[in-house]
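Notes follow once the structure below has been shown.
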């Protein structure tokens, strides 16, 4: 006679919350028998093996909807799911690499700011040709800023420090309002307004 296990025993054995086991049952990931006397879920050894597979694929972040497609657990279905999951993981790794690059870029800029704060002011050539207006209500302008937040610039009117304009460093004009443009002479900045 096949041994049966209660939902509590399975929950403790697999370290899976009972609510998750109930959800998997409701989603038909696994067919659970019911005790005819009290209606409680009972698990067989066959279902323990199925739960092991489900838990393995969930640990790989295989979505429930994909797991529902593998009800037979045949090799072709499993292969397809793993290929899709690997692609998803690869995309997530790429996204995280971009996040990491953004963090590193911002840290370098912060270190540069800290260094510059300790230095005496001196004239220098900028490494950009234009300062274009940053319009925070314009989608293209915001997208440009988000792609490279380190391009953010402030233009402060020397005669009135309360007059501040926001801009982005750029190598081209991009049909945007130009706040500053590199002069042909000596690479100094000149007001383009």
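Numbering (our numbering), first residue to last: 4 to 196. Just so you know, even glycine gets a beta-carbon here, dropped at the ideal spot from N, CA and C.
Residue interval of the alpha helix (DSSP H) (run including residue i)
i, result
"residue 105", "78-120"
"residue 21", "21-29"
"residue 71", "67-71"
Sheet register partners of residue i (DSSP bridge)
i, result
"residue 181", "135"
"residue 158", "168"
"residue 9", "45"
Reduced DSSP secondary structure (H/G/I, E/B, other) of residue i
i, result
"residue 140", "coil"
"residue 190", "Caution applies to residue 190, whose pLDDT of 48 falls short of 50 and renders its modelled position unreliable; the value that the coordinates give is listed next. Residue state, collapsed to three classes: coil."
"residue 173", "strand"
"residue 15", "helix"
"residue 40", "coil"
"residue 129", "coil"
Rounded Cβ spacing between residue i and residue j (contact assumed at less than 8 Å)
i, j, result
"residue 132", "residue 185", "5 Å"
"residue 22", "residue 45", "That pair is no contact at about 18 Å."
"residue 62", "residue 73", "About 15 Å; that fails the 8 Å criterion."
"residue 58", "residue 19", "7 Å"
"residue 55", "residue 7", "That pair is no contact at about 17 Å."
Q.
Within 8 Å, do at least three Cβ pairs link the stretch 88-96 to the stretch 54-72?
A. The stretch 54-72 is in contact with the stretch 88-96.
Q: Mind the definition here: the stretch 115-132 touches the stretch 90-105 only if three or more C-beta pairs lie below 8 Å; say whether that holds.
A: Cβ pair count under 8 Å is below three, so no.
Q) With contact counted as at least three CB pairs below 8 Å, one residue from each stretch, are the stretch 124-139 and the stretch 155-175 in contact? A) The answer is yes - the stretch 155-175 touches the stretch 124-139, with three or more Cβ pairs under 8 Å.
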